[in-house]
Every structure is written in structure tokens, then in C-alpha cells.
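Here is the structure we will look at.
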Amino acid sequence: MIEILTPTELAHARGTGALVADILRTVRSRSTVGTSLLDIDRWAKDLIVEAEAQSCYVDYAPSFGRGPFGHYICTAVNDAVLHGLPHDYQLADGDLLTLDLAVSRNGIAADSAISFIVGDSAPAESVAMIEATERALHAGIAAAGPGGHVGDISHAIGSVLDEAGYPINTEFGGHGIGSTMHQDPHVSNTGRPGRGCPLRPGLLLALEPWVMADTAELVTDADGWTLRSATGCRTAHSEHTIAITEDGAEILTLPSAG
């Protein structure tokens, strides 16, 4: 299903997007050396409930997972990159942490992810990988606009990741979003321009470039959810929800002022 949002629904999407970004900003500020991933999950739950919103994850049970997910935020550390199931692990100095959050409020969902280094140690290779996903994300956003195609976005993302030297996995990527978290179209992290679904005003997309340092192969943890690099290398993931507008693309998952 591909949804085209009305102006009223788009206004709700802006509110949900800001909420997601604000929660990620708050949780990131609290995620220090010694923090448990279960504490992060509890903070996310409290902030979602306080905002009278709904988690898109807690009851999430797709065919590829061992569902329901049962938690409120994805917490992926070091070689974990997607669907990181929170567990009793305390963050260490230099850990590369990815937080991925999807929330629904007023009937519209938004989805965003950030990767960052915990503590004072910042391995140069990890920083470079995070920055590459952020550049790819912004390249994808710049390529999004009415009259274009999903392939334009995929090509822009993939060009940045390829130039940075990272293998690209095409099993998981970005997606449409709206009244539900995961919708068509699929937005691969590499592709050919001019191909795929046309971009129309009112279409919401979650763009999420992610990479693993030296492989494109994923393995699944025994928990049935957490996806890791097959070689044990580090990973990074950046994501924004955007709206296609008459003028281009609007980033919805930016923190509110203050």
C-alpha cells in the first residue's frame, strides 16, 4: 500500500516526527558509559507514554522476526546494525550505539535512527562510517522531489556509500510510512535513477542508509531479531522520515526548538 497524506495528516506527521527526534535527542544525552540498554528502552517507553503516543515496535511481529518485538526502541551496539533487541548490556567507552525509534501519534507514524560513539573514545574508522551514512542520507533527501522516482533517491544514497568504500546490503532499506510504520515503496540503498515509484507530494518516506565496515552479509542473533555483520565488524545507521512536497523534500524527524 502506498499512501498519499492529506494536508491535515501531514501536519500530524510533522508533530510525530518532532516527537521522535526529541525522544532520540533525550535518550542519546542519557546514554553514557555504564548505561544499560534496558534503561534506554524504559526511558523511551516513558517518553512515548508521556506524549500520549504509541510505540510502533512493542507489538511489531513481521515474518522475518521472532515477534512480537516487545520493546520500545531498537538498540544496536557495535556489530549489530538493525532491529537491535534491548537486553542487559552496559555500554562501554568507545561503543558504537545505534538508536532506532518509530512512534505513532494522531494516526501517523514517523521513524528515525542515529548512530554515535559512547564515552570519550572515538575510533576514527567508526566516526568515518557514521559520517558516511549521514552524508548518504542527506544525498538521498536532496534527490527527493515531485516528478522524481524512488530510484533517484536510491542512486544518490548508493553513490555516497560506494564512494566511501562500503559494501551495500539490499535486503533491508528505507520504506514508505504513514498510518503504519512499514509501507510500500521499498527504498533500496542503491539503485538506478529514473526507476521505481514516482514521487508525489504527500508521500512519506523513511530513508535509512546503513552499512557494515567490510561485508554486506547479515546474521541473526539467537533472539530472532538483532541483525549483525557476518564478520563481526562495526556498523552504522542513519535515518530520517521525509515528506515529498511541491518544492522538494521536508525532513520531519528534526528536534523541536529548545
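Position one of the sequence shown corresponds to residue 205 (the numbering used here), numbered consecutively onward.
Every residue, glycine too, gets a C-beta built ideally from N, C-alpha and C.
It should be emphasised that the depicted structure is a prediction, and the values quoted were computed from it without experimental measurement.
- Inter-residue distance for P389 and L403 is about 10 Å (C-alpha atoms, whole angstroms).
- For R309, the pairing in a beta bridge is given by DSSP as I312.
- Note that the region 402-418 touches the region 355-373; at least 3 beta-carbon pairs, one per stretch, sit closer than 8 Å.
- For the pair P350 and S240, the Cα-to-Cα distance works out to about 43 Å.
- Nearest in C-alpha terms to I312, of all of T236, A257, E421, T424, is A257.
- Per the C-alpha coordinates, the member of G288, L341, S259 positioned closest to R270 is G288.
- Boundaries around P211 are those of the alpha helix (DSSP H), 211-234, since no beta strand (DSSP E) includes it.
- Between D324 and M385, the gap from beta carbon to beta carbon reaches 8 Å or more.
- By the neighbour-count criterion, in which 16 or more other beta carbons inside 10 Å mark a residue as buried, I206 falls on the exposed side.
- In the displayed model, E256 falls within coil according to three-state DSSP, outside both helix and strand.
- Restricting attention to A410, R246, T212, M333, the CA atom closest to the CA of T279 is found in R246.
- Within the same chain, D283 come within 8 Å of G436 by CB-CB distance, once the 5 residues on both sides are set aside.
- Looking at the backbone, the Cα of I357 and that of T236 are separated by about 34 Å.
- Considering only G452, T439, L458, the residue with the shortest C-alpha distance to T445 is L458.
- In summary, R432 is buried, with 16 or more beta-carbon neighbours lying within 10 Å of its beta-carbon over all protein chains present.
- Contact check for M333 against R232 fails: the beta carbons are separated by 8 Å or more.
- No Cβ-Cβ contact shorter than 8 Å links G352 with V322.
- For M205, the three-state secondary structure derived from DSSP is coil.
- Bounds of any alpha helix (DSSP H) do not take in I448; it lies within the beta strand (DSSP E) bounded by 444-448.
- With a contact defined as Cβ atoms closer than 8 Å, G406 and I455 miss out at about 16 Å.
- Counting along the chain, the unbroken beta strand (DSSP E) around V281 starts and ends at 278-281.
- Collapsing the DSSP output to three states places E454 in a strand.
- The Cβ atoms of A217 and I345 do not sit closer than 8 Å to each other.
- According to DSSP, residue pairing for F320 in a beta bridge involves L301.
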